[in-house]
């Protein structure tokens, strides 16, 4: 594929200095996970291709699979984590002996809600969450622990446990996370 003639966009929305000035906490949470490289992956970005990559991204048979412009891509979790610079040390969430794993996800969700949002105990929606919590949810559900099915606009119990783990500064072993999810 030759993309020399295609327009690309400079990732202006990923201006970390501005996000720090605006007091976004999620940058610090991901830095504590040793995943700043993942957040700062930068180069010319072909926004249409990135949208296709993530829109078609699935995690099947222990590999990330996607289709971009009729080209099939397969990336193993280890390759993905090496490219993104993600840690392969720490907890992988799921050990029932960990007290933070037993967290009440309803309380985590309620803490993520905007001030004027009301939740009556039914469907949890990302649209009701604070911007920062939504960013974390989307980074988790689209990139770090992608799921092949389901509504990404609805946080799962597992998503909320990971958000809780991030906020408690528990170091995640992202490769073990994907291993545990696959099987």
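In my numbering, the protein residues as written are 281 to 463.
In this text, a Cβ means the ideal position worked out from N, Cα and C, and glycines have one as well.
Distance CB(residue 417)-CB(residue 409) smaller than 8 Å:
Position 137 of the chain shown, counting from 1, holds the residue named residue 417. Position 129 of the chain shown, counting from 1, holds the residue named residue 409. Closer than 8 Å, so yes.
My output table needs one value for residue 356: the three-state DSSP class, helix, strand or coil.
As a first step, residue 356 must be located in the chain shown, where it is residue number 76. Three-state result, residue 356: coil.
What does DSSP give as the partner residue(s) for residue 409 in the beta ladder?
Within the chain shown, numbered from 1, the residue matching residue 409 stands at position 129. Secondary-structure assignment with DSSP links residue 409 through a beta bridge to 393.
Quick test of your reading: residue 339 and residue 422, contact by CB under 8 Å. State the CB separation rounded to the nearest angstrom.
Against the chain shown, residue 339 aligns to sequence position 59. Against the chain shown, residue 422 aligns to sequence position 142. Actually they are not in contact, since the Cβ atoms of residue 339 and residue 422 sit about 11 Å apart, beyond 8 Å.
Which residue wins for smallest C-alpha separation from residue 348, given the options 337, 341, 314?
Translated into the one-based positions of the chain shown, residue 348 becomes position 68. Per the Cα distances, 337.
In terms of alpha-carbon separation, which member of 312, 445, 344, 353 lies closest to residue 361?
The residue given as residue 361 occupies position 81 in the chain shown. With distances taken between Cα atoms, residue 361 lies closest to 344.
Pairwise C-alpha distance: residue 299 and residue 387
For the purposes of this step, residue 387 is taken as residue 107 along the chain shown, with counting starting at 1. For the purposes of this step, residue 299 is taken as residue 19 along the chain shown, with counting starting at 1. Approximately 26 Å between the Cα atoms of the pair.
I'd like to confirm the pairing. Which residues does DSSP put opposite residue 344 in its beta bridges?
Here residue 344 corresponds to residue number 64 of the chain shown, with the count starting at 1. DSSP output for residue 344 lists 339, 355 as bridge partner(s).
Alpha carbon of residue 434 to alpha carbon of residue 443, nearest angstrom
Your numbering for residue 434 matches position 154 in the chain shown. Your numbering for residue 443 matches position 163 in the chain shown. Computed Cα separation, rounded: 13 Å.
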